[in-house]
Structures are given as C-alpha cells and as structure tokens.
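Have a look at the structure below before the remarks.
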Amino acid sequence: EIDPKVDPLSPQNKLIFVTGPLTGTMAATGGRYSVVTKGPLTGAIACSNSGGYFGAELKFAGWDMVIFEGASPKPVYLLITDGKAELVDAAHLWGKTVWETEETIKLQHQDPQIRVAAIGRAGENR
C-alpha cells in the first residue's frame with residue numbers, strides 16, 4: 695500500500711498498530727503487539743514490538759489492527775471505547791512526557807484502567 699519512494703515523514707506514509715493471533719490470550723507472547731511504518735532513519739520497514747496491556751486491550755476492544763493514514767492539522771489522539779473510534783483534540787497533551795500524557799488521559803476520562811500508547815516529546819519533533 696505504500697509507495698517505496700514515499701518520504702517516511704510525509705502524510706503518505708502509514709503508522710500501523712497490529713496485534714497477533716495470540717494477543718490477549720494466556721500464551722507466553724499474549725501481551726505483544728507491533729507498530730510498523732516506513733522508518734526515516736533507513737527508509738526501510740521499521741517494526742517495533744512492545745508488551746504490556748495495550749495490545750491485549752486493543753484486541754479485547756474488537757480491533758486487530760489500527761492504520762493511521764494522512765496527517766492531522768493539529769495534535770489528536772485516537773480514543774477507542776465501546777467499539778467506536780474517535781479522534782480527540784490533544785493540544786493539552788503537547789509537550790508532556792509519556793507518563794504525564796498517560797496520567798492526564800486517565801484523569802480526563804476518569805478511567806484508571808485506560809491503556810495508552812503515547813509518542814512523548816521526541817515524537818512531536820521531526
């Protein structure tokens with residue numbers, strides 16, 4: 695789907711969060727998910743694997759994969775609740791660390807169990 699010549703930092707690139715067939719199960723790798731994109735460092739496919747609760751909760755919410763396409767003119771985050779996905783204004787999160795972002799979102803939505811995957815300050819810069 696992505697042109698091999700696309701600039702990795704352009705809106706034509708995609709950012710993909712993907713779970714696996716065992717994500718959310720009691721299997722040894724059941725807490726894993728991957729984030730895939732065309733990376734700016736090498737121009738090759740960049741795949742990052744992560745653990746924790748985010749992947750399993752994404753799967754429990756009924757989503758095997760989330761593909762971000764294009765670019766927003768302002769900071770936003772994706773909120774998935776009750777089977778619905780919504781882009782929410784994130785201007786108040788800009789400049790925060792990942793830990794501050796997670797805490798702010800949990801307080802804002804009054805849900806200490808909400809799961810967050812955040813970019814932090816480094817991700818705000820190109």
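Each number in this note's numbering corresponds to the 1-based position in the sequence shown with 694 added. We put the CB at the ideal spot given by N, CA and C, even for glycine. No experiment lies behind these values; they were computed from the predicted model shown.
- In this structure TYR771 is not in contact with VAL760, their Cβ atoms being roughly 12 Å apart against a cut-off of 8 Å.
- Per DSSP, the unbroken beta strand (DSSP E) holding LYS778 starts and ends at 778-783.
- Cβ contact annotation for ILE696 (same chain, cutoff 8 Å, sequence separation greater than five): GLN706, ASN707, LYS708 and LYS732, in chain order.
- Assigned with DSSP and collapsed to three states, VAL700 falls in coil, not helix or strand.
- Out of ALA755, ALA740, ASP701 and GLY737, the CA that lies nearest to the CA of THR717 is found in ALA755.
- Counting C-beta pairs with one atom in each stretch, the segment 736-756 and the segment 790-798 have fewer than three that are closer than 8 Å, which means they do not touch.
- LEU735 is classed as exposed because its beta carbon has fewer than 16 other beta carbons within 10 Å across all chains shown.
- When the five nearest sequence neighbours on each side are left out, the beta carbons in the same chain lying within less than 8 Å of the beta carbon of GLY724 are those of LEU716, THR717, GLY718 and ALA750, in order along the chain.
- Excluding five sequence positions before and after GLY764, the CB atoms of its chain that fall closer than 8 Å to its own CB belong to PRO705, given in chain order.
- Separation of GLN804 and GLY814 (C-alpha to C-alpha, rounded to the nearest whole angstrom) is 21 Å.
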